[in-house]
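Report on the structure given below.
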Amino acid sequence: MMDAGRHPNIRLLTNSELVGLEGEAGDFKAQVRRHPRYVSEELCTGCGVCGRNCPVEVLSEFDAGVGKRKAVYVPFPQAVPNIYILDKENCTECGICVEKCPRDAIDLDDPGKDLELKVGSVIVATGFEVFDPTVVKAYGFGLYDNVVTSMQMERLLNASGPTQGHILRPSDGKVPRKIGFVQCVGTRGEAGLQYCSRFCCMNSIKDCMLVKQHAPEIEELKIFYIDIRAAGKGFEEFYQRSLEMPELTYIRGRPSKILEDPQTKDLVVQVEDGEAGKINDFQLDMVVLSSGAVANKTNQKLAEILGIEREETGFFTSGEETGSPLESTKEGIYLCGCASGINDISDSVAQGSGAAAAAEKHLAKLRIEEKKEEIPELDVSGPPRIGVFVCHCGINIAGVLDIDALKKYAETLPDVVFVRDSLFLCSDDGQRRLQDMIKKKKLNRVVAAACTPRTHEPIFRESCARIGLNPYLFEMVNVRDQCSWVHTEEPQEATEKAKDLIRMGVAKARLLEPLYKQSIKIDRKVLVIGGGISGMRAALDLDAQGFQVTLIEKEGKLGGSLNDIHRIYPQDLSASELVETMMQKIKNSKIEVLTEIEITDIKGFIGNFEVFTSKGGLKVGTIVLAIGGELYEPEGDFGYGKFKNVITNLDLERMIRDNQGDIIIDGEKPTTVAFIQCVGSRDLEKNPACSRFCCPTTIKQALELKKRGTNVVVFHRDMRTVGTRAEEHYRKAREMGVRFLKYSPEMKPQVVGEGKASGVELLEPALNRNLTLPVDAVVLACGMIPNEVETGRLQGILKVPRGADGFFMERHAKLGPVETTVEGVFVCGTAQGPKDISDSIAQGSAAAAKVATFICRDTIELEPTTSIVDADMCRGCGKCVRVCEFLAPKLVEKSPGIFVAEINQALCKGCGTCASWCPTGAITAKHFTDRQVESMIETFLTEAV
Amino acid sequence: MSTKLSSITKKKTSEKKFTPRIVVFACNWCSYAGADNAGVSRIQYSPNFRIIRTMCSGRVTPGMVLKAFKLGADGVLVSGCHLGDCHYIFGNHRAIENFERTQAIIKTLGLEEGRLRLEWVSAAEGPRFGQLIDEFVGEVTKLGPSPLNNSNRRK
Chain Z
375 MMDAGRHPNI RLLTNSELVG LEGEAGDFKA QVRRHPRYVS EELCTGCGVC GRNCPVEVLS
435 EFDAGVGKRK AVYVPFPQAV PNIYILDKEN CTECGICVEK CPRDAIDLDD PGKDLELKVG
495 SVIVATGFEV FDPTVVKAYG FGLYDNVVTS MQMERLLNAS GPTQGHILRP SDGKVPRKIG
555 FVQCVGTRGE AGLQYCSRFC CMNSIKDCML VKQHAPEIEE LKIFYIDIRA AGKGFEEFYQ
615 RSLEMPELTY IRGRPSKILE DPQTKDLVVQ VEDGEAGKIN DFQLDMVVLS SGAVANKTNQ
675 KLAEILGIER EETGFFTSGE ETGSPLESTK EGIYLCGCAS GINDISDSVA QGSGAAAAAE
735 KHLAKLRIEE KKEEIPELDV SGPPRIGVFV CHCGINIAGV LDIDALKKYA ETLPDVVFVR
795 DSLFLCSDDG QRRLQDMIKK KKLNRVVAAA CTPRTHEPIF RESCARIGLN PYLFEMVNVR
855 DQCSWVHTEE PQEATEKAKD LIRMGVAKAR LLEPLYKQSI KIDRKVLVIG GGISGMRAAL
915 DLDAQGFQVT LIEKEGKLGG SLNDIHRIYP QDLSASELVE TMMQKIKNSK IEVLTEIEIT
975 DIKGFIGNFE VFTSKGGLKV GTIVLAIGGE LYEPEGDFGY GKFKNVITNL DLERMIRDNQ
1035 GDIIIDGEKP TTVAFIQCVG SRDLEKNPAC SRFCCPTTIK QALELKKRGT NVVVFHRDMR
1095 TVGTRAEEHY RKAREMGVRF LKYSPEMKPQ VVGEGKASGV ELLEPALNRN LTLPVDAVVL
1155 ACGMIPNEVE TGRLQGILKV PRGADGFFME RHAKLGPVET TVEGVFVCGT AQGPKDISDS
1215 IAQGSAAAAK VATFICRDTI ELEPTTSIVD ADMCRGCGKC VRVCEFLAPK LVEKSPGIFV
1275 AEINQALCKG CGTCASWCPT GAITAKHFTD RQVESMIETF LTEAV
Chain C
-18 MSTKLSSITK KKTSEKKFTP RIVVFACNWC SYAGADNAGV SRIQYSPNFR IIRTMCSGRV
42 TPGMVLKAFK LGADGVLVSG CHLGDCHYIF GNHRAIENFE RTQAIIKTLG LEEGRLRLEW
102 VSAAEGPRFG QLIDEFVGEV TKLGPSPLNN SNRRK
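The listed protein sequences derive, respectively, from chains Z and C.
Take the first sequence: its letters are residues 375 to 1319, numbered as in the numbering used here.
Take the second sequence: its letters are residues -18 to 136, numbered as in the numbering used here.
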């Protein structure tokens, strides 16, 4: 959020609403209503005087109603901008805040503002709302104090929440010993919502783990569920870990009722045990309702303004039907996250990047190369001349710390030649004076004792740079957030602490050195490896933005695994048509397609890769890995290979693709077909991961068989048809008579028969004996595994790490799903982990967007705060090479047998870890050098005030 | 030797109220931000510590920690992002290794283990940061002044 707030090309309009949109893709006019904030964004410093003095207290929306806030407040602790807003509905207009505000920032008559913006495209990212569980009367939400929603639980667990992270039950503030989680509240057929809300299962599992962490004394945790839908990369493994918690029990069944003891406020959850045919009561102290996600209420109005369509569910209609999941029904308007359906965080992040790539198509012509003005640099040679600037921040600092004492003290410090205080150093006026004094007093180092460098260092550095002082000669001392604000009641100690901090800042400033941003030229060409759906999408998106792309495919034709697929569900879209359309688009584009080609080696780094292939070499600046995954080969499992009428889901898919009429398996049309789910997946020995796509695939295939008059039985562990459409198909399959039988991993079904499979044997728990279901054919729903040969080879060449599941590992599971730790190398589609076609397409677009952020210029600027090696001191031990995950240090043979480490500045992220491991001190972490850090330690401990 | 030292320190504490001096190394992305968050939330906690910001907890060398102890610090806290959340992916794993190396050395030096701690604090965990500092200050106060804390202060 802060990155977005600080980005020079992003303008944040918070508290604003789109009220009109005219024009067409590439040339929209958007009318925006900026609602009155009543607090000036320009003047407010977030000091909080208004909030502390406000007499009105109301329930906090951010704390989901479990905590309180004032009528003038910051919506949540990390809000951007981190300034106040006045809630006119609850404000009594007493005027105290107006009077107290040190900057006169509050105006109770603020009329707001109307804006008109010219934009090329629009991205809708309006998110979701939580289903209101008061509708489900049987659960007593709103009536029983100790029935809370998962959102409220989230706030209770949060260290910055209303209870500081202590789990206290609302009725008596006691720590609950027994907590139950009820899944699928409002979803999967209850209260009118048919779909599955996708993320709630994982959320409850996570909450259970957190509860255990925060309150080890917890005795019982219960999750009441229908299916545990841990469908996503790493999710099943997470679920498996939760099974090791002795306190946690999973109870299958949807509770029919929750009852409250009016005296103790304890709760009883009633659940029918379908297998034993009786109702069980569970005594609990607190119950958390996993309320599902529903479409945003404002979607209707927004759809009218934008002129786009919505689904019956209220979510916006996407182009999923045509293989463009991020497109709305109008050109130039794109959807991401929960605007078009329910997505978890990493898919939402990928979709966000993907929508950006799509939106850029209409902006490519407008892309401007920013110009930089040259500012002559100030001469900073000679001994340090340090200026110390102490900010009052209104009364935020000055109200606690003795500013005069700080100033006097600062004057006594070595090399300090000038000291000044300022009411608000960050104000235009404050910064102008800072600049004037740097010039007038010939300062060559600047120390600001003010708020936090995390928000304000960039601002002050910019001020320095504008007048030619190297911005790395600026040092910030945090005397607000980490001093005056947290030691308000001990002003004397706080002032002493501030003196120490200023002394430490000055000590570091004396040793600061000017640093310069380096820029390296980059090759703007992109290589996409793998011509499946994800790779094709990435290539097309980059081409649409005017970039030069080479798409390589090891097979003879593009399309990847889509070539094997008949129709794509739940969208009911022909796979061959989709491949055909994409190939046509590629033909009409400037994309260079190379098929039947193999990569033999890749050398270089971001911006400058040299690729060697079986058909010659090429030079590119960035690489997208879209090599896909493979289906598990079930040799020997469930009679596969032994019986000809035991086939895989892929075999069946090919049969359906090639055959409009009856499906013939092993020479005959089967009357009954059994599907066995989780073959080669969710298997602790073979592959613990859930492959995510197989449940919906089975539903699709079962419906195809059913249409052809074949009976279908599905043996499954949990039907994981997540999201807004797949669950509806699951329902349809049940309505059409497809039978679903659950099995446990300890009691797997057995395929029996002689010569051919004639039945599936399964333990019937109610009867406690094996029953054999006669079948004519068995379909094994095989999971997805990485393409071992290709993944392994590219890992060897590019050093992109692989996860425990064998797929390429993304940079961050949630925040960086298509980036890798190797700069300039991106990953998308099933090369990153099993996923369905829509998600693969979205990731293709996301990778394109991430690539574009690098190649939109022909140089990249490198932060100078990296680490460097002093070759004379390096003895070539290679420790730095081993500790760096970004592959920045490398050993180079300087003369025969003499190795020296070199750090590639383009790859170094500046963490300084290598410097801390270097045994000879040859590595310097610039701006955080050993000397600089040690000087701070020394001066703190040896030169007491 | 350490028993002898601790009897001396006990005498000292009875003479004058002991306020420990603690060095906190906080990584830029999580822990330093968490300390800022404590400020934004106006959490009140002990002032007996000074933060030194580094980009990553993996940057903190055993040398830095030992220097702090040598110069008389009563406690040192190294704090970084929670495992799995490191801005540099594995920097905090390196911090663990560094911490273990350092812990072994300070034990050899006869310093109590409790004087050096490694903790994870996220950017949103302001209240936890405050709590952690209070807790650590309390523990170090109980341990008394560091045996190495004496003549280094130039008054």
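Every residue gets a Cβ at the ideal spot worked out from N, C-alpha and C, and that includes glycine.
Under 7 Å, CB to CB, which of the residues in the stretch 848 to 868 of chain Z have a partner in chain C? Cβ contacts with chain C: ARG854, ASP855, GLN856, TRP859, VAL860, HIS861, THR862, GLU863, GLU864, GLU867, ALA868.
So what does C:PRO126 bridge to, in DSSP terms? Per DSSP, none; premise fails for C:PRO126.
For the alpha helix (DSSP H) that contains Z:PHE612, what are its first and last residues? 609 to 616 is the span of the alpha helix (DSSP H), which, as asked, contains Z:PHE612.
My output table needs one value for C:THR(-10): the three-state DSSP class, helix, strand or coil. Low local confidence applies: a pLDDT of 42 at C:THR(-10) is under 50, so the model's placement there is unreliable, with the coordinate-based value given in what follows. Three-state DSSP puts C:THR(-10) in a helix.
Using 8 Å as the Cβ pair cut-off and three pairs as the minimum, do the stretch 862 to 882 of chain Z and the stretch 757 to 777 of chain Z touch? Counting Cβ pairs under 8 Å, three or more are found: they touch.
With 8 Å as the C-beta to C-beta threshold (strictly closer), list the residues of the stretch 522 to 543 of chain Z near chain C in chain order. Result list: ASN532, ALA533, SER534, GLN538, GLY539.
Fully enclosed by the stretch 836 to 907 of chain Z, which beta strand (DSSP E) runs are 3 residues long or longer? Runs of the beta strand (DSSP E) inside the stretch 836 to 907 of chain Z: 848 to 852, 892 to 895, 900 to 903.
Given 8 Å, three or more beta-carbon pairs between the stretch 746 to 758 of chain Z and the stretch 511 to 528 of chain Z: Result no; under three Cβ-Cβ pairs closer than 8 Å.
Starting from the Cα of Z:GLU621, find the closest Cα among Z:MET583, Z:GLY627, Z:GLY804, Z:GLU887 and give me that residue. Of the candidates Z:MET583, Z:GLY627, Z:GLY804, Z:GLU887, the one whose C-alpha sits nearest the C-alpha of Z:GLU621 is Z:MET583.
What residues in the stretch 18 to 29 of chain C have a beta carbon less than 7 Å from any beta carbon of chain Z? Residues ASN18, ALA19, GLY20, VAL21, SER22, ARG23, ILE24, GLN25, TYR26, PRO28.
Note down, in chain order, all residues in the stretch 48 to 81 of chain C with a beta-carbon under 7 Å from any beta-carbon belonging to chain Z. Within the stretch 48 to 81 of chain C, the residues whose Cβ lies closer than 7 Å to some Cβ of chain Z are LYS48, ALA49, LEU52, GLY53, ALA54, TYR69, ILE70, PHE71, GLY72, ARG75, ASN79, listed in chain order.
Buried or exposed (CB count within 10 angstroms, at least 16 for buried), Z:VAL1163: Burial call: exposed.
Please determine, among Z:ASP1150, Z:LEU1172, Z:GLY1177, the residue with the shortest C-alpha to C-alpha distance to Z:PRO1160. Answer by Cα proximity: Z:GLY1177.
Need the endpoints of the beta strand (DSSP E) that Z:GLU1162 sits in, please. Per DSSP, Z:GLU1162 belongs to no beta strand (DSSP E); it is in the alpha helix (DSSP H), 1162 to 1172.
Can you tell me the Cα-Cα spacing of Z:ILE679 and Z:ASN383, whole angstroms? Approximately 26 Å, taken between the alpha carbons.
Within the same chain, show all residues whose beta-carbon is closer than 6 Å to that of Z:THR703, passing over the 5 residues directly before and after it, in chain order. Cβ neighbours of Z:THR703 beyond the five flanking positions: ILE682, GLU683, THR691.
What did DSSP end up calling Z:ALA404 once you bin it into helix, strand or coil? DSSP, reduced to helix, strand and coil, places Z:ALA404 within a strand of the structure shown.
Please report the straight-line C-alpha distance between Z:HIS1103 and Z:VAL559, rounded to a whole angstrom. Cα-Cα distance, rounded: 20 Å.
For the beta strand (DSSP E) holding Z:THR1046, just list the boundary residues, first then last. Unbroken beta strand (DSSP E) run through Z:THR1046: 1046 to 1053.
Would you say Z:SER414 reaches chain C, if we count a Cβ-Cβ gap shorter than 8 Å as a contact? By the rule that beta-carbons nearer than 8 Å mark a contact, Z:SER414 does not touch chain C.
Can the beta-carbon of Z:GLY554 be found closer than 8 Å to that of Z:LEU658? Against a cut-off of 8 Å, the Cβ pair of Z:LEU658 and Z:GLY554 comes out as a contact.
Among Z:ARG1249, Z:VAL1087, Z:ARG911, Z:ARG426, the one whose alpha carbon lies nearest that of Z:THR696: Of the candidates Z:ARG1249, Z:VAL1087, Z:ARG911, Z:ARG426, the residue whose Cα lies closest to the Cα of Z:THR696 is Z:ARG911.
Three-state secondary structure assigned by DSSP to Z:GLU1121: A small correction: the amino acid at residue 1121 of chain Z is Met; Glu does not occupy that position in the sequence shown. Strand.
Out of Z:LYS652, Z:GLN1075, Z:VAL1020, Z:GLU1120, which one is the CA nearest neighbour of Z:GLU1059? Among Z:LYS652, Z:GLN1075, Z:VAL1020, Z:GLU1120, the Cα nearest to that of Z:GLU1059 belongs to Z:GLU1120.
Reference Z:HIS315, options Z:PHE1089, Z:GLY1271, Z:ASN1278, Z:GLY420, closest by Cα: What the structure shows of chain Z is the stretch from 375 to 1319, and residue 315 of chain Z is not part of that stretch, so it cannot be assessed.
Rounded to whole angstroms, how far is the Cβ of C:VAL121 from the Cβ of C:GLY15, which I believe are closer than 8 Å? Contact doesn't hold; Cβ gap of about 20 Å is too wide.
Would the beta-carbon of Z:ILE719 fall within 8 Å of that of Z:LYS1209? Not in contact: Z:ILE719 and Z:LYS1209 (Cβ atoms no closer than 8 Å).
Rounded to the nearest angstrom, what separates C:GLY91 and C:ALA54 at their Cα positions? Here the alpha carbon of C:GLY91 sits roughly 14 Å from the alpha carbon of C:ALA54.
Residue from Z:VAL1307, Z:LEU1077, Z:ARG407, Z:ARG626 with nearest C-alpha to Z:PRO485: Closest by alpha carbon: Z:ARG407.
Please specify which runs of the beta strand (DSSP E), each continuous and at least 3 residues long, are wholly inside the stretch 505 to 582 of chain Z, giving them in chain order. If we require 3 residues or more, the beta strand (DSSP E) runs fully inside the stretch 505 to 582 of chain Z come out as 521 to 523, 552 to 559.
Check the Cβ-Cβ distances between C:VAL187 and every residue of chain Z, and say whether any is below 8 Å. Residue numbering for chain C in the displayed model covers -18 to 136; residue 187 of chain C lies beyond these limits and cannot be assessed.
Judging by CA-CA distance, which residue of Z:LEU752, Z:VAL448, Z:GLY394 is the nearest neighbour of Z:LEU1338? Nothing about residue 1338 of chain Z can be read from this structure; chain Z reaches only from 375 to 1319.
Taking Cβ to Cβ, would you say Z:ASP917 is nearer than 8 Å to Z:GLY981? For Z:ASP917 and Z:GLY981, no; Cβs fall outside 8 Å.
Any idea if Z:VAL643 is buried or exposed, counting beta-carbon neighbours within 10 angstroms, 16 or more meaning buried? Flag for Z:VAL643 reads buried.
Strictly under 8 Å for the Cβ-Cβ distance: is C:PRO126 near chain Z by that measure? So no, C:PRO126 is outside the interface.
Which of the three DSSP states, helix, strand or coil, is assigned to Z:THR1022? Strand.
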